[in-house]
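Numbering (this note's numbering), first residue to last: 43 to 356. Quick reminder that beta carbons are idealized off the backbone N, C-alpha and C, glycines included. Here the structure is laid out as structure tokens; the discussion comes afterwards.
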Amino acid sequence: MPFIPFKSISLLAFLSILLVMLPFLVPNSFVFGVVILALLNAAIAVGLNLFVGSAGQISLGHAGFFGIGAYSVAVLAGNYGLHGGLALLAGAGATGLLAYAIGRPILRLSGHYLAMATLGVGVIVFLSINQEVTITGGPDGKAVPPLDVMGVRLTGDLSWYAVSAGFLFCVTWMALNLLETGYGRTLKAIHASEHGARSVGIDVGRAKTGVFVMSAVIASLAGSIYAFYIGFITPSEAGFMKSVELIIMIVVGGLGSVPGAILGAFLITALPQLLTGFHDQEQLVFGLLLMTIAVGLRKGIVPTFVEQVRRRLS
């Protein structure tokens, strides 16, 4: 196990305390639902940030992997009677294989070409789900059977909060560990210069494919958990706007920052609910806030805050 710096241990400790305290601060079931969605979005954002922020790549198709995870449990458990846990693992495995199969060729691309390629993957997944009425239910969506764990059915907001919080903690722990390994330093080297990384013997294609698969599997697992919690899913969960939302989360929080990805996910997930009082102007206010953050905090919220603190202490 790699040595974890004190700041990473501090982050995990703070996250643990926050996750334990948060349920006591939630006033009702609606807010609980928003918090659970924020936890799952945060887990996806942490994984995606490894690919985008640490490795310097881009993906506009991760909502497709989220959708594969969600529909895997709906179809395998609902249509074929497979146990929910096995359906979840099958969905994650299928997502990993798909990400590997498409990752090897498309990750030779970079910049807007890579963005277009990953967008194409997401669009294909969305159209497949939306048009396959017999298996997926098409535009009408599909019900998801409840999940049983050792004969105990998981129900209620608190149970799913515990599952989602535990998932986020595990993903965060994994990301912080990975960034301190040789592989994590490889990703940062690729971000700095792919040509430079190749010149010192790094297999750039293999490294990029590995982190792409990892982030895709995390998105798939989050999709499966979300589907079990909600009990009903629609193709919009795998839509283009979901992918854009995930990118916004990591940009707002701070590219390459694990706590930034978590904060950005909570902010972007909760913000639309906080702006409902603006009624018809909700989207306008949301856009203005994002523009303000992008202009005023170009490095993202967390990196900018850390930079300001360091300046004052120096």
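Please look up how many angstroms separate the CB atoms of residue i and residue j, rounded, as I've assumed it's under 8 Å.
i    : j    : result
V344 : P301 : 5 Å
A249 : L229 : 6 Å
S96  : G295 : Going by Cβ atoms, the distance from S96 to G295 rounds to 14 Å, so no, they are not a contact pair.
F211 : L57  : 6 Å
A105 : S285 : 4 Å
A269 : V88  : With 8 Å as the limit, A269 and V88 do not qualify as a contact, their Cβ atoms being about 20 Å apart.
A264 : I86  : 5 Å
S114 : A132 : 6 Å
M291 : N83  : 6 Å
L102 : T160 : 5 Å
G338 : V293 : Not really, about 13 Å apart at Cβ, beyond 8 Å.
Measuring CA to CA, which of the options is closest to residue i?
i    : options                   : result
P277 : I110, A132, G89 and F328  : I110
N359 : G329, V213 and F320       : What is shown of the chain runs 43 to 356, which leaves residue 359 out entirely.
A112 : T137, V62 and Y122        : T137
A280 : M291, S266 and I292       : S266
F66  : A312, V337 and L200       : L200
G135 : P181, R354 and S262       : S262
G252 : L149, A105 and V117       : L149
G145 : P187, Q99, N121 and L118  : Q99
L139 : A185, E236 and V255       : V255
L316 : A85, F328 and A336        : F328
D182 : D190, G127 and I171       : I171
F93  : I260, F74, A312 and W202  : I260
I335 : G306, T223 and A132       : G306
Y122 : H154, E287 and V186       : V186
G198 : A231, F74 and M158        : F74
L130 : L81, G153, V191 and P147  : V191
P47  : V194, G180, L220 and V62  : L220
L309 : Q323, K184, D322 and L331 : L331
H233 : D322, G153 and K184       : G153
V194 : A231, V246 and G127       : G127
G226 : H237, V246 and F209       : V246
L81  : S235, F209 and E324       : F209
Hey, does residue i have any beta-carbon neighbour from chain B nearer than 7 Å?
i    : result
N172 : Given the protein chain composition of this structure (a single chain), no chain B is represented.
In angstroms with no decimal places, state the Cα-to-Cα distance between residue i and residue j.
i    : j    : result
T176 : F274 : 16 Å
P69  : L326 : 28 Å
L196 : P314 : 28 Å
I289 : A207 : 21 Å
L60  : F347 : 20 Å
A143 : L53  : 35 Å
P188 : V165 : 28 Å
M43  : S241 : Because the pLDDT of M43 is 48, which lies under 50, any placement of that residue in the model is unreliable, and the number read from its coordinates should be weighed accordingly. Cα to Cα, the separation comes out at about 28 Å.
F72  : L79  : 11 Å
L151 : A119 : 37 Å
I51  : L124 : 39 Å
A435 : Y271 : As displayed, the chain neither begins before 43 nor continues past 356, which places residue 435 out of reach and without an answer.
Q173 : V76  : 29 Å
V38  : R353 : Missing from the structure shown is residue 38; the chain here goes from 43 to 356 and no further.
E349 : L218 : 20 Å
G319 : M333 : 20 Å
V163 : G243 : 30 Å
Y155 : P147 : 12 Å
A312 : E287 : 12 Å
L169 : M158 : 16 Å
T223 : G180 : 43 Å
F107 : R340 : 28 Å
G238 : K49  : 29 Å
E236 : M63  : 43 Å
K184 : W202 : 20 Å
E36  : A55  : It is not possible to answer for residue 36, since the shown part of the chain is limited to 43 through 356.
D322 : A231 : 46 Å
Which residues does DSSP pair with residue i in a beta bridge?
i    : result
I275 : K184
| Which residue spans inside the segment 126-208 form an unbroken beta strand (DSSP E) run of at least 3? | none
| query | Going along the chain, which unbroken runs of the alpha helix (DSSP H) with 4 or more residues stay wholly within the segment 239-317? | reply | 246-272, 282-295 and 300-316
| request: With a floor of 3 residues, list each beta strand (DSSP E) that falls wholly inside the segment 56-116, ordered by position along the chain. | output: none
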